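One line per chain: the protein sequences are U and Z, in this order.
By full-length UniProt numbering, the letter at position 88 of the first sequence is numbered 88, and the numbering carries on one by one without gaps.
By full-length UniProt numbering, the letter at position 43 of the second sequence is numbered 43, and the numbering carries on one by one without gaps.
Comments concern the structure below.
2 protein chains.
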Amino acid sequence: MADRNGKDAKPIRTALSSEDGIDLAIIELLFFAYRDFTSDPDQILAEYGFGRAHHRILHFVNRMPGLTVAELLDVLKITKQSLARVLKQLIDTGHVIQIQGPRDRRQRELYPTEKGRALALDLARPQSRRISAALKSARTTERAGIEQFLKAMVNPELRAQIDNLPGNALRESHGDE
Amino acid sequence: MADRNGKDAKPIRTALSSEDGIDLAIIELLFFAYRDFTSDPDQILAEYGFGRAHHRILHFVNRMPGLTVAELLDVLKITKQSLARVLKQLIDTGHVIQIQGPRDRRQRELYPTEKGRALALDLARPQSRRISAALKSARTTERAGIEQFLKAMVNPELRAQIDNLPGNALRESHGDE
DNA sequence: AAAATATGTCAACAAGGCTGACATAAATTT
DNA sequence: AAATTTATGTCAGCCTTGTTGACATATTTT
Chain U
1 MADRNGKDAK PIRTALSSED GIDLAIIELL FFAYRDFTSD PDQILAEYGF
51 GRAHHRILHF VNRMPGLTVA ELLDVLKITK QSLARVLKQL IDTGHVIQIQ
101 GPRDRRQREL YPTEKGRALA LDLARPQSRR ISAALKSART TERAGIEQFL
151 KAMVNPELRA QIDNLPGNAL RESHGDE
Chain Z
1 MADRNGKDAK PIRTALSSED GIDLAIIELL FFAYRDFTSD PDQILAEYGF
51 GRAHHRILHF VNRMPGLTVA ELLDVLKITK QSLARVLKQL IDTGHVIQIQ
101 GPRDRRQREL YPTEKGRALA LDLARPQSRR ISAALKSART TERAGIEQFL
151 KAMVNPELRA QIDNLPGNAL RESHGDE
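Written as structure tokens, this is what we have:
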């Protein structure tokens, strides 16, 4: 009757390692790399009382000006109620503006203001600098290999989200087209 | 008096692109890659009523068995109150156990149980599979280049956290030593 | 005219961060 | 031996950002 719920079990004292064929090195590298990659903009955002949610919205509104609320929801994969709260703050602070859709007047097209564009750039700059430095330090100037690897990490059915962004030369052959 | 707080400003209709020398391609690839990289374990965790916080704790307890609460806090960079809530659940469910430190009896050494080790492996497996597939698809079998890039993305002063993990052959020369 | 769609909004809830305050046991310092 | 510091635990409350469900409005489609 001991060990009813798994308590009072024995401790495992050996470290998990690459024994079971798990690629721990890259799993952990992705964790640490992403943690620090996001820390740069996080600091700037805090000055504005913003968070990562604001960053994501601001980034995609800048990358796809005029996208509708529904389109933004689709990229971010969150609910409209979640979006509304954060988007409202970006609108109230004059970083984003809404314009009634020209063909369908129910839609709200989202655009950055100059202020919003400037902030998006401020947030992107340290990330870009970090990437640039990392690319240099990786002796193998294998930028292409790194891009291919990262893209291949994305779910196949969602890779279109990448291809649909403007000026992304990173398109694979799609059979025809 | 118009434009008091940045509202009623003009919309910018041009998309942000690689104009200002910002590396948008890799910024976005990291975002999408990490989003999907974490989605695999997230699904499994949901079955247990766990979240990403549980995953992080479980991972590092498995990778550094016997580490103390203070050491874990240092790796995760969260407060002990945040840790306590989640760690308690892992202990109550028999995934992690605490053992009084042998030299310093104030310390609590954290160990995975068999159950905890099994779950950690279940969570790591799909991530490892995704990485393996991505490495294959990146024609350039430049694993080393990718590892170097990711490591170079981490804050220099925090790279020791990577080096201190067991069985990580990814050590740079540190001058002497 | 009726139904469907795009958006907004209200209310309530949860996870997982945070801070501040205080308690305990054990180690260290005086 | 006494006082202080350290490692940990815990209580209470707050914030952000996600969730669901319900309902309102304007506009487009059927």
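Note that CB positions come from ideal geometry on N, CA and C, so glycine has one too.
Note that this is a predicted model, so its numbers are computed, not measured.
The C-beta distance from residue 27 of chain U to residue 161 of chain Z rounds to 14 Å, too long to meet the 8 Å contact threshold.
Shown in chain order are the members of the stretch 145 to 167 of chain U whose Cβ falls below 9 Å from a Cβ of chain Z: 145, 146, 147, 148, 149, 150, 151, 152, 153, 154, 155, 158, 159, 161, 162, 165, 166 and 167. Within the stretch 105 to 120 of chain U, those residues whose Cβ lies closer than 7 Å to any Cβ of chain Z are, in chain order, 111, 112, 113, 114, 115, 117 and 120. At a cut-off of 8 Å between C-beta atoms, residue 82 of chain Z does not count as an interface residue with respect to chain U. Residue pairing from DSSP places residue 67 of chain U in a beta bridge opposite U:110. Per DSSP, reduced to three states, the secondary structure at residue 86 of chain U is helical. For residue 146 of chain U, the secondary structure class from DSSP, reduced to helix, strand or coil, is helix. For residue 130 of chain Z, same chain residues with a beta-carbon under 7 Å away, outside a window of 5 residues either side, are 37 and 40 in chain order. At least one C-beta of chain U is nearer than 8 Å to the C-beta of residue 142 of chain Z. Residue 96 of chain Z carries a strand assignment under DSSP once its states are collapsed to helix, strand and coil. Between the alpha carbons of residue 73 of chain U and residue 59 of chain Z lies a gap of roughly 32 Å.
Across the stretch 60 to 76 of chain Z, CB contacts with chain U closer than 7 Å involve 62, 63, 64, 65 and 66, in sequence order along the chain.
Interface residue (Cβ-Cβ distance to chain Z less than 8 Å): residue 102 of chain U is not classified as such.
Listed along chain U, the residues sitting closer than 8 Å to residue 14 of chain Z by beta-carbon distance are 65. For residue 124 of chain Z, the nearest beta carbon of chain U is closer than 8 Å to its own beta carbon. Listed along chain Z is no residue with a C-beta nearer than 8 Å to that of residue 87 of chain U; the closest approach is about 14 Å. For the stretch 27 to 61 of chain U, the residues whose beta carbon sits under 7 Å from a beta carbon of chain Z are, in order, 27, 28, 29, 30, 32, 33, 34, 36 and 37. The three-state reading of DSSP puts residue 11 of chain U in coil, since its state is none of H, G, I, E or B.
A Cβ-Cβ distance of about 5 Å is found for the pair residue 112 of chain U and residue 61 of chain U, placing them in contact under the 8 Å criterion. From the beta-carbon of residue 90 of chain U, no residue of chain Z is found nearer than 8 Å; the closest lies around 10 Å away. Around the beta carbon of residue 77 of chain U, fewer than 16 other beta carbons sit within 10 angstroms, so the residue counts as exposed. Contact annotation, residue 137 of chain Z with residue 166 of chain U: C-beta distance approximately 24 Å; criterion of less than 8 Å not satisfied.
With fewer than 16 other Cβ atoms from the protein chains shown falling within 10 Å of its own Cβ, residue 51 of chain Z counts as exposed.
Shortest Cα-Cα distance from residue 15 of chain U to any of Z:151, Z:114 and Z:153 involves Z:114. A distance below 7 Å between beta-carbons, with the five flanking residues on each side excluded, links residue 97 of chain U to the following residues of its chain, in chain order: 91, 111 and 113.
Taken atom to atom, the span from the alpha-carbon of residue 105 of chain Z to that of residue 54 of chain Z is near 26 Å. Contact between residue 34 of chain Z and residue 48 of chain U does not hold, since the beta-carbon distance rounds to 23 Å and is not under 8 Å. Contact with chain U is absent for residue 78 of chain Z, since none of that chain's Cβ atoms lies less than 8 Å from the residue's Cβ. The beta carbon of residue 80 of chain U sits closer than 8 Å to the beta carbons of 69 and 73 from its chain, once the five residues preceding and following it are set aside; these are given in chain order. Between residue 11 of chain U and the set Z:67, Z:24 and Z:123, the nearest pair of CA atoms involves Z:67. Contact annotation, residue 143 of chain U with residue 150 of chain U: C-beta distance approximately 11 Å; criterion of less than 8 Å not satisfied.
DSSP places residue 35 of chain U inside the alpha helix (DSSP H), whose first and last residues are 24 to 48.
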